[in-house]
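Since the structure comes first, as structure tokens, the remarks are kept for the end.
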Amino acid sequence: MNLTPEQLSTLSPKELETLLLLEELEALSKAKENLPKSNIHLEEVGSNKVSVIKSLRMLTEMEMSLTDAKNLVDRAPTVVLTVPTEEAEKAKIELEAAGAKVSIKSV
């Protein structure tokens, strides 16, 4: 945020702290956007489709609905996630533990 010195002087210590935290969050968000990304490619679902669907939802922190996760798994082979490269191996391990065959491909 671009506040003038006059505007800053009117803020309470708590408001200044909140402003600094917001600026830090914005900087972290921009940094994360610039990280190299990888696609998690679901090659085969395996014998335990329900576990693969659950794992996929957990990897998206439940942001993916059950229906969306099921539909995505049903389309295998397909890309199921695009994540920062440093998180890709964790996602692969999680999905493989559920019985899926997975590959990682750089974007």
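Residue numbers 1 to 107, in full-length UniProt numbering, belong to the letters of the sequence shown in order. The C-beta atom is built at its ideal place from N, Cα and C for all residues, glycine as well.
*Pull up the distance between the alpha-carbon of K32 and that of E6, whole angstroms please.*
33 Å
*Alpha carbon to alpha carbon, what distance is there between V50 and D74?*
11 Å
*What is the DSSP secondary structure of S65, reduced to helix, strand or coil?*
coil
*asked:* By the three-class DSSP mapping on this structure, what secondary structure does N71 have?
replied: helix
_Cutting at 6 Å between CB atoms, please list the residues of its own chain near A69, excluding the five before and the five after it._
I53, L56, R57
_For L28 and N2, the rounded distance between their alpha carbons_ = 18 Å
*asked:* In whole angstroms, give me the CA-to-CA distance for V80 and L25.
replied: 27 Å
*Figure out for me which residue from V45, S47, V83, T78 has the closest Cα to the Cα of T60.*
V83
*Mind checking who T78 pairs with in its DSSP beta bridge?*
L42
*Measure the CB-CB distance between G99 and N48 and report whether it falls below 8 Å.*
yes
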